[in-house]
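A.B. asks: Chains as they are written, first to last, in the numbering used here: chain F, 3 to 293; chain E, 1351 to 1853.
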Amino acid sequence: MNGTASQRMLRILAAWFVVGLFALPIYYWITVAFKPNRDIFALPPIFFDFDWNLSSFEEVFGISFGFDKGLEVLPGGGNFYMLPNLWASVVIAVLSTLLTVVVATLASYALSRMRIPGQHHFVFFVLSTRMMPPVAIAIPMFFIYKSFGLLDTYTGIILVHALMNMPLAVLLLKSFFDDIPTEIDEAALIDGASRVLIFRKIVLPMAMGGIAATAVLCFIFSWTEFLFVLTLTQTAFKTVPVAASTFVTSTGTAWGNMAALGTAAMIPAFVFILLVQRNLVRGLTLGSLKQ
Amino acid sequence: MNPVDRKLWLASITDRYVRGGMDRRTFLRSAAKLGLGVGALGAMSHLSARSGLGLISPAAAQENIQWPEDMSNWLKEAGKPFAGQTVRLATESTPPSNAINSALKGYFTEMTGINVEIETLPLEQVLQKLTLDVASGLGTYDLYYLDQSWMAAFSGDVIDPREKYESDKNLAMPGYNIDDFLPALVDGISMYDGVMVGVPYDIPIFIQMYRRDLYEELGLKPAETMAQYLSNAQAIQQAKGPEIFGTTGQMKSGHYSLECDWTCWLWSHGGSIFGPDKTFTGNDEAGLEAMNYWIELKKNMPAAVDSWTWDGQGQSVAQGIAGQLISWGEFFPSWDAPGGSNVVGLMEATVPPKANSLRTVEQTGFGEIPGVGHQGGSSLAVSKYAKSPDAAWLFAQWATAPETQVWITVLGGGTGPTRQSAYDDPRVKANAKPGIAGTTRHLDAVRETIANHMGSEPDLPEWAEISNDTIPVELGRFFAGEYDSPKAAMDAIKTKVDGIVAG
């Protein structure tokens, strides 16, 4: 398995090559955020030797809009001022993930442990809500939201993101719960524990890895979702993916600003993944071995 | 000092400031003495409008902008009944929209008490939003940003601004002067079937732009004919290729930009999209001649033009790899922005070459106006379903008023004003300098192109689909080699377009 030193070296080189392959676009994207406009599309591409500057970040975070002069930023903050959008993304992604995970955990535990008539049909029904392309739902949702006053509200977007992620979360979590032996529940039942207690004290801690993995996926899907936010919001707020599209102007795309926002937008996702990392690795491998 | 002298004096100090002959403090003090704080920003716009992409510093604007007293007083009175209402607008991220959203709308709110919420999006997403709004009749937007290619589709969903201006005198802004809009624009971008759909808002238009340094080195002159334009491109390509290409393009398959390029070559070769019988005529003799010209021209473009929209085209010039182009004049200021391009101060603008021949409007269909200077203007229209139509009308007038247009032009860094008076304003002329972001030195070419070379697409409800999908998709397939000949491609487009028009 270990092989000779040269084989090991080859494996290490191959691993670094693959890492480089994935990391290079991210590195280049980040450098775009620090480059002056004229260097962004320079041919041949400039990877290292350019005049680093923070102007794109200053614009995206409103620093050049007068914070340094103590002046108030105008309503709307200018087209390239993106801090509120970043905040909106964080709020929506965190709350929709929380909502999804709470509801999906309870639902999937029930589906895993309890027997109800037509259970298989129910699972299929849950999954089928993901079979329709989102664009087919977006326009009816617009009318429904308009009627219920949910258009252009945080609540509306949190709900739609939770609904969007729910089927995947339920199915994922059900498979995690299925992997926890029912004998544990039965032993606890014999000892007099209630269903709620078993769920809270025994099964939930054991499924924490799976829940973390599901939460990461829900967070990322909400963080990057575009169509529903585009259709169901107007001027109150925008999340990062839709806000980034405003960098596409009639006179060209502000690539530096878009890269600055993209770079900044990676940070919350990284932080979230770091927070759940301890459970995540366990969750991603949970169920990979069947007993 | 009379107003004319004040403006001349302002132009003079602005000139000294721009040339570095006066420091900022002295300049602002001089401008303030004139009671023309406004003028200060005209000269400083190159400091605040960075890279020509519409980024404005509200802080800078707040320091300097003043509004004429009569305009401000009238808005205060007229806006009183609507104070607290909110006007919503969905618009493409264009220089005027960016200037208003970033720096100017706060003044409107301050004067009238009317809040303004502007949603800036890419063009195709604006179309989606407006279509949804009209289909539902819910009035989620009070104002529509209407691209000229959508006029027919939305003509039944808006309030005619002329009628509104005439019928509601309490809300008619004094000095608004609809006749001040460039007449060609009123016909080209605002009218459909006798209805004024909106007020002319901005006017991106094709002009001829070229690298002065290359032209001087190679002994070239700006093309006056289409043949000269091709030979200039070939000369640059031959002398400077492959580092510098003769010309460039916006030929992304399936994108509206590809259709825009096509119309320029079609119209300049005596062709038209539709004939008087309202059937597609791009496959006739003139249409095929245009395609052959385009194929020859494309040999002098970077291969990547097939994946570029206007963004890639503009970037190619900014990188210094293209010698000339006929395209959107609103690119021009971004190339002059220090640090924004490799061709700062090197580009020149002039009118497009003369067409080989031009069809008259009567020889075309659906009001199509052939001309080398393809225009992509837009109008601002009050929605019939608006929740605050009167407040929206006040905003529309303010946003397109002469004074606001001047501000948009000096702040917006690129847009072509739609009013004659804005082109003549000393603050706009003061920015006609090379090497500054927000330069207006291309505007003479823009104005003359509007007057004498402008081409306008046909007006029909199906045009948004035809121009944004049918034609660019098939042209993309042609340049990808899926058709044997231009004739085969044009015949295929004819079948599809005629089918769509016939319903």
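Backbone N, C-alpha and C define an ideal beta-carbon position, used for all residues, glycine too. All values derive from a computational prediction rather than experimental measurement.
Taking residue 1708(E) as the reference, give the member of 1805(E), 1506(E), 1571(E) and 1583(E) with the closest Cα.
C.D. replies: The residue labelled residue 1708(E) in the question sits at position 358 within the second sequence. Taking only the C-alpha atoms, the option nearest residue 1708(E) is 1805(E).
A.B. asks: Against chain F, with Cβ distances strictly below 8 Å, would residue 1733(E) count as a contact?
C.D. replies: Mapped onto the second sequence, residue 1733(E) falls at position 383. It does not; no Cβ of chain F falls within 8 Å.
A.B. asks: In the DSSP assignment, the alpha helix (DSSP H) including residue 1609(E) goes from what residue to what residue?
C.D. replies: Along the second sequence, one-based indexing puts residue 1609(E) at 259. Counting along the chain, the alpha helix (DSSP H) containing residue 1609(E) begins and ends at 1606-1618.
A.B. asks: If residue 1723(E) and residue 1556(E) are in contact, beta carbons under 8 Å, what's the gap, nearest whole angstrom?
C.D. replies: What you label residue 1723(E) is simply residue 373 of the second sequence in a count that begins at 1. What you label residue 1556(E) is simply residue 206 of the second sequence in a count that begins at 1. Yes, residue 1723(E) and residue 1556(E) are in contact; Cβ-Cβ is about 5 Å, under 8 Å.
A.B. asks: Based on Cα-Cα distance, which residue from 1465(E), 1498(E) and 1769(E) lies nearest to residue 1433(E)?
C.D. replies: Stepping through the second sequence from its first residue, residue 1433(E) is reached at position 83. The option with the nearest alpha carbon to residue 1433(E) is 1465(E).
A.B. asks: Using CA coordinates, which residue listed in 279(F), 258(F), 105(F) and 280(F) is at the minimum distance from residue 34(F)?
C.D. replies: On the first sequence, residue 34(F) is found 32 positions in, with the first residue counted as 1. The shortest C-alpha separation from residue 34(F) is found at 258(F).
A.B. asks: For residue 1558(E) and residue 1703(E), which I take to be in contact (beta-carbon distance under 8 Å), what is that distance rounded to the nearest angstrom?
C.D. replies: Here residue 1558(E) refers to the residue found at position 208 when the second sequence is read from its first residue. Here residue 1703(E) refers to the residue found at position 353 when the second sequence is read from its first residue. The pair is a contact, with the Cβ atoms about 7 Å apart (cut-off 8 Å).
A.B. asks: Looking at C-alpha atoms only, which residue of 1534(E), 1629(E) and 1419(E) is the closest neighbour of residue 1840(E)?
C.D. replies: As a first step, residue 1840(E) is located in the second sequence; it is residue number 490 there, counting from the start. Among 1534(E), 1629(E) and 1419(E), the Cα nearest to that of residue 1840(E) is on 1629(E).
A.B. asks: Which residues in chain F sit within 8 Å of residue 1671(E), going by Cβ to Cβ distance?
C.D. replies: Taking the first residue of the second sequence as position 1, residue 1671(E) is located at position 321. Going along chain F in sequence order, the residues near residue 1671(E) (Cβ under 8 Å) are 45.
A.B. asks: Using a Cβ cut-off of 8 Å, which residues of the region 136-152 of chain F contact any Cβ in chain E, in chain order?
C.D. replies: Residues of the region 136-152 of chain F with a Cβ closer than 8 Å to any Cβ of chain E, in chain order: 141, 144, 145 and 148.
A.B. asks: Check the Cβ of residue 1294(E) against every Cβ in chain F and list those closer than 9 Å, keeping chain order.
C.D. replies: Residue 1294(E) lies beyond the residue range present for chain E, which begins at 1351 and ends at 1853; the question has no answer from this structure.
A.B. asks: Going along chain F, which residues have a C-beta under 7 Å from residue 1642(E)?
C.D. replies: On the second sequence, position 292 is the one that residue 1642(E) refers to. Within 7 Å Cβ-Cβ: nothing; residue 1642(E) doesn't reach chain F, min ~30 Å.
A.B. asks: Can you tell me which of 230(F), 10(F), 41(F) and 207(F) puts its alpha carbon nearest to the alpha carbon of residue 107(F)?
C.D. replies: Here the question's residue 107(F) lines up with position 105 in the first sequence. When each option's Cα is compared against that of residue 107(F), the closest is 207(F).
A.B. asks: Report yes or no: is there a C-beta of chain E within less than 8 Å of the C-beta of residue 232(F)?
C.D. replies: The count along the first sequence starts at 1 and reaches residue 232(F) at position 230. Yes, its Cβ sits closer than 8 Å to a Cβ of chain E.
A.B. asks: Who are the neighbours of residue 1438(E) on chain F, taking C-beta pairs under 8 Å?
C.D. replies: Counting from one through the second sequence, the residue named residue 1438(E) turns up at place 88. Here the neighbours are 236 and 237.
A.B. asks: Determine the direct distance from the alpha carbon of residue 1523(E) to that of residue 1515(E), and round the result to whole angstroms.
C.D. replies: The residue you call residue 1515(E) lines up with position 165 of the second sequence. The residue you call residue 1523(E) lines up with position 173 of the second sequence. So the alpha carbons of these two residues sit roughly 8 Å apart.
A.B. asks: For a test of the three-state rule: what should DSSP assign to residue 1563(E), helix, strand or coil?
C.D. replies: The residue you call residue 1563(E) lines up with position 213 of the second sequence. Here residue 1563(E) sits in helix by DSSP.
A.B. asks: Looking at the structure shown, is residue 1416(E) part of a helix, part of a strand, or coil, going by DSSP?
C.D. replies: Within the second sequence, numbered from 1, the residue matching residue 1416(E) stands at position 66. Correct three-state label for residue 1416(E): coil.
A.B. asks: Where do the N-terminal and C-terminal ends of the alpha helix (DSSP H) with residue 169(F) fall, by residue?
C.D. replies: Taking the first residue of the first sequence as 1, we reach residue 169(F) at position 167. Bounds of the alpha helix (DSSP H) holding residue 169(F) are 156-181.
A.B. asks: Is there contact here, the region 1442-1453 of chain E with the region 208-217 of chain F, by at least three beta-carbon pairs under 8 Å?
C.D. replies: no
A.B. asks: Out of 32(F), 252(F) and 62(F), which has the shortest C-alpha to C-alpha gap to residue 48(F)?
C.D. replies: Your numbering for residue 48(F) matches position 46 in the first sequence. Comparing C-alpha distances from residue 48(F) to each of 32(F), 252(F) and 62(F) shows the shortest one belongs to 32(F).
A.B. asks: For a cutoff of 8 Å on Cβ pairs, would you count residue 1595(E) as touching chain F?
C.D. replies: For the purposes of this step, residue 1595(E) is identified with residue 245 of the second sequence, where counting begins at 1. It does not; no Cβ of chain F falls within 8 Å.
A.B. asks: Which residues of the region 241-263 of chain F have a Cβ closer than 7 Å to any Cβ of chain E? Give them in chain order.
C.D. replies: 247, 248, 250, 251, 252, 253, 254, 255 and 256
A.B. asks: Does DSSP put residue 86(F) in a helix, in a strand, or in coil?
C.D. replies: In the first sequence, counting from the first residue as 1, residue 86(F) sits at position 84. In the displayed model, residue 86(F) falls within a helix according to three-state DSSP.
A.B. asks: Beta carbon of residue 1789(E), beta carbon of residue 1802(E): below 8 Å?
C.D. replies: As a working mapping, residue 1789(E) is identified with position 439 in the second sequence. As a working mapping, residue 1802(E) is identified with position 452 in the second sequence. No, the pair does not count as a contact, with Cβ atoms beyond the cut-off.
A.B. asks: Could you name the residues of the same chain whose beta carbon sits closer than 6 Å to that of residue 1792(E), not counting the 5 residues immediately before and after it, in chain order?
C.D. replies: Looking up residue 1792(E) in the second sequence gives position 442. Cβ neighbours of residue 1792(E) beyond the five flanking positions: 1679, 1682 and 1699.
A.B. asks: Going by beta-carbon coordinates alone, are residue 1691(E) and residue 1668(E) separated by less than 8 Å?
C.D. replies: As a working note, residue 1691(E) is residue 341 in the second sequence. As a working note, residue 1668(E) is residue 318 in the second sequence. At the C-beta level, residue 1691(E) and residue 1668(E) come within 8 Å of one another.
A.B. asks: Can you tell me whether DSSP reads residue 1769(E) as helix, strand or coil?
C.D. replies: In the second sequence, residue 1769(E) corresponds to position 419, counting from 1. Residue state, collapsed to three classes: strand.
A.B. asks: Is residue 1644(E) helix, strand or coil when you go by DSSP?
C.D. replies: Within the second sequence, numbered from 1, the residue matching residue 1644(E) stands at position 294. Looking at residue 1644(E) - three-state DSSP - the assignment turns out to be helix.
A.B. asks: Taking its Cβ as the centre, do 16 or more other Cβ atoms sit within 10 Å of residue 24(F), making it buried, or is it exposed?
C.D. replies: Translated into positions along the first sequence, residue 24(F) becomes position 22. Residue 24(F) should be labelled exposed.
A.B. asks: Could you tell me which chain F residues have their CB closer than 8 Å to the CB of residue 1661(E), listed as they occur along the chain?
C.D. replies: For the purposes of this step, residue 1661(E) is taken as the residue at position 311 of the second sequence. In chain order: 250, 254 and 255.
A.B. asks: Taking the C-alpha atoms as reference points, what is the distance between residue 1769(E) and residue 1539(E)?
C.D. replies: Here residue 1769(E) corresponds to residue number 419 of the second sequence, with the count starting at 1. Here residue 1539(E) corresponds to residue number 189 of the second sequence, with the count starting at 1. Cα to Cα, residue 1769(E) sits roughly 13 Å from residue 1539(E).
A.B. asks: Can you have a look at residue 29(F) and say buried or exposed, based on whether 16 or more other CB atoms are within 10 angstroms of its CB?
C.D. replies: By one-based count along the first sequence, residue 29(F) stands at place 27. So residue 29(F) ends up on the exposed side.
A.B. asks: Checking contacts by CB at 8 Å: is residue 1776(E) closer than that to chain F?
C.D. replies: In the second sequence, residue 1776(E) corresponds to position 426, counting from 1. No, because no Cβ of chain F sits closer than 8 Å to the Cβ of residue 1776(E).
A.B. asks: With a cut-off of 8 Å, does the C-beta of residue 167(F) fall near any C-beta of chain B?
C.D. replies: Structure shown: chain B not included; protein chains present are F and E.
A.B. asks: Which residues in chain F have a C-beta closer than 9 Å to the C-beta of residue 1865(E)? List them in chain order.
C.D. replies: Nothing in the structure corresponds to residue 1865(E), since chain E is present only between 1351 and 1853.
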